[in-house]
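Taking UniProt numbering, the leading residue of the sequence shown gets 1, the next gets one more, and so forth.
We put the CB at the ideal spot given by N, CA and C, even for glycine.
Heads up, the thing below is written out as structure tokens.
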Amino acid sequence: MRKHLKVIMLGFVILVWGVCSSTSGRAYGAISTATMQEIDRVNEKGPYLGIIVPNSFEMNPLLQSPSFVADLKVPYLDYFGITTQLLLILFKVKGVLHYGIAGNANPQLQIGDVTIPRYWAHTGLWNWQRYGDGTSEELALESNGDYTREIGYLRFANYQNASENGKPIDNFLNNVWYQPEEVFPADGIPEVRQHSFWVPVNKHYFKVAKRIEGMTFQGCVSSTCLPRAPRAVRVKNGASANAFVDNSAYREFLNSKFNITPIDMESAAVALVCHQQQIPFIAIRALSDLAGGGSAVSNEADIFASLAAQNAVDASLRFITLLFP
């Protein structure tokens, strides 16, 4: 296990060091010859499983794990926002594991549970329909193939406090229609776009993840404990967008409309890049709060975020040992 994790984290460490540091303290777009030589040295022992982490808070439990061994040839480690694309371009990566914490949209699960979705969707790309147009009317640029009504929509009038004769009063915000992302797969026809809303994780990785279902984790922070021990579970769908969801109505909409469990801001982006580059991918997300509140232990990310981060790391380490027995 120690050998595997040392190899896995090497690429991350050197990528941070080489791309984001220089003698003058500034970062440049070009990569120096010395840095490329270091990257080549790493790649000689590849390919690797790349680990992508949202931020240092979620990375620290991994760095503190006895399974992590730093490369002594790298002078220091710092965290920067490294894109999945850079990782896949510069290093020999045969797969990507993404982990972290997430909000919960599934009332059947609780804070601390570790979720492993089969599919990820980016739910932040919309066509915002003009006021006065209805659901049967074509969207702007729909005829060109730029937009679609196939995925579904959110009607703002359904979420108003006021009503008239038992029916929602119309709303000037009208409807937003969810849209798929444009992708250009590495093995596709150049300049011919494809569309993807649901991005599947790798089938083999998801099958391996079944072996950690039922795994239990710590459920207390000091004297504050959850109703039951958190557990790992595979779920149908997860969602990401450039929005922090702390609203119960939208949480319930995502769960009822798309069967979403974890809600975060990164996983779908990683999934889309891996899908485009044809690289195996899986995401493991521990639930830190019930998005928008609504239960006795809801909306307590300040208390349970550290516990969720540790649970995500524990599940990820177990997954790695099963992936590389």
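C-alpha distance - residue i paired with residue j, whole-angstrom precision
{"i": "residue 117", "j": "residue 135", "result": "30 Å"}
{"i": "residue 254", "j": "residue 193", "result": "27 Å"}
{"i": "residue 156", "j": "residue 126", "result": "14 Å"}
{"i": "residue 120", "j": "residue 174", "result": "26 Å"}
{"i": "residue 144", "j": "residue 90", "result": "36 Å"}
{"i": "residue 85", "j": "residue 190", "result": "18 Å"}
{"i": "residue 208", "j": "residue 315", "result": "12 Å"}
{"i": "residue 130", "j": "residue 44", "result": "55 Å"}
{"i": "residue 147", "j": "residue 179", "result": "7 Å"}
{"i": "residue 42", "j": "residue 206", "result": "28 Å"}
{"i": "residue 324", "j": "residue 68", "result": "15 Å"}
{"i": "residue 281", "j": "residue 133", "result": "40 Å"}
{"i": "residue 222", "j": "residue 300", "result": "14 Å"}
{"i": "residue 256", "j": "residue 153", "result": "12 Å"}
{"i": "residue 47", "j": "residue 239", "result": "29 Å"}
{"i": "residue 77", "j": "residue 63", "result": "In this predicted model, residue 77 has a pLDDT of only 40, less than 50, meaning its place in the structure is not dependable; the value taken from the coordinates is given anyway. Taking the straight line joining both Cα atoms gives about 10 Å."}
{"i": "residue 182", "j": "residue 224", "result": "45 Å"}
{"i": "residue 34", "j": "residue 87", "result": "18 Å"}
{"i": "residue 170", "j": "residue 137", "result": "17 Å"}
{"i": "residue 214", "j": "residue 166", "result": "45 Å"}
{"i": "residue 195", "j": "residue 220", "result": "43 Å"}
{"i": "residue 36", "j": "residue 186", "result": "23 Å"}
{"i": "residue 197", "j": "residue 124", "result": "11 Å"}
{"i": "residue 164", "j": "residue 303", "result": "42 Å"}
{"i": "residue 32", "j": "residue 210", "result": "43 Å"}
Best match in the options for proximity to residue i [C-alpha to C-alpha]
{"i": "residue 61", "options": "322, 310, 315, 318", "result": "310"}
{"i": "residue 202", "options": "42, 37, 145, 94", "result": "94"}
{"i": "residue 99", "options": "283, 305, 317", "result": "283"}
{"i": "residue 264", "options": "249, 237, 317", "result": "237"}
{"i": "residue 246", "options": "294, 222, 278", "result": "294"}
{"i": "residue 159", "options": "52, 249, 276", "result": "249"}
{"i": "residue 272", "options": "200, 221, 312, 242", "result": "200"}
{"i": "residue 278", "options": "262, 184, 220", "result": "184"}
{"i": "residue 55", "options": "302, 266, 280", "result": "266"}
{"i": "residue 241", "options": "66, 122, 51, 108", "result": "122"}
{"i": "residue 212", "options": "33, 218, 115", "result": "115"}
{"i": "residue 106", "options": "196, 307, 260", "result": "260"}
{"i": "residue 96", "options": "32, 49, 214", "result": "49"}
Residue burial classification, residue i (beta-carbon count within 10 angstroms, cutoff 16)
{"i": "residue 258", "result": "buried"}
{"i": "residue 162", "result": "exposed"}
{"i": "residue 319", "result": "buried"}
{"i": "residue 274", "result": "buried"}
{"i": "residue 128", "result": "exposed"}
{"i": "residue 58", "result": "buried"}
{"i": "residue 204", "result": "exposed"}
{"i": "residue 188", "result": "exposed"}
{"i": "residue 268", "result": "buried"}
{"i": "residue 172", "result": "exposed"}
{"i": "residue 111", "result": "buried"}
{"i": "residue 262", "result": "buried"}
{"i": "residue 15", "result": "The predicted position of residue 15 is uncertain, since its pLDDT is 39 and thus under 50; a value taken from the coordinates is nonetheless stated next. Buried, by the Cβ-count rule."}
{"i": "residue 150", "result": "exposed"}
{"i": "residue 52", "result": "buried"}
{"i": "residue 276", "result": "buried"}
{"i": "residue 232", "result": "buried"}
For residue i, the three-state DSSP class (helix, strand or coil)
{"i": "residue 318", "result": "helix"}
{"i": "residue 171", "result": "coil"}
{"i": "residue 150", "result": "coil"}
{"i": "residue 192", "result": "coil"}
{"i": "residue 178", "result": "strand"}
{"i": "residue 229", "result": "coil"}
{"i": "residue 281", "result": "strand"}
{"i": "residue 162", "result": "coil"}
{"i": "residue 246", "result": "coil"}
{"i": "residue 33", "result": "helix"}
{"i": "residue 308", "result": "helix"}
{"i": "residue 325", "result": "coil"}
{"i": "residue 106", "result": "coil"}
{"i": "residue 237", "result": "strand"}
{"i": "residue 56", "result": "helix"}
{"i": "residue 183", "result": "strand"}
{"i": "residue 88", "result": "helix"}
{"i": "residue 45", "result": "coil"}
{"i": "residue 155", "result": "strand"}
{"i": "residue 291", "result": "coil"}
Integer Cβ distance of residue i from residue j, believed to fall under 8 Å
{"i": "residue 227", "j": "residue 216", "result": "Not a contact, Cβ separation roughly 13 Å."}
{"i": "residue 327", "j": "residue 177", "result": "Limits of the chain in this structure are 1 at one end and 325 at the other, which puts residue 327 out of reach."}
{"i": "residue 39", "j": "residue 305", "result": "Not really, about 34 Å apart at Cβ, beyond 8 Å."}
{"i": "residue 292", "j": "residue 251", "result": "5 Å"}
{"i": "residue 113", "j": "residue 287", "result": "5 Å"}
{"i": "residue 243", "j": "residue 285", "result": "Not a contact, Cβ separation roughly 16 Å."}
{"i": "residue 290", "j": "residue 104", "result": "5 Å"}
{"i": "residue 109", "j": "residue 218", "result": "Wrong, their Cβ atoms sit about 16 Å apart, outside the cutoff."}
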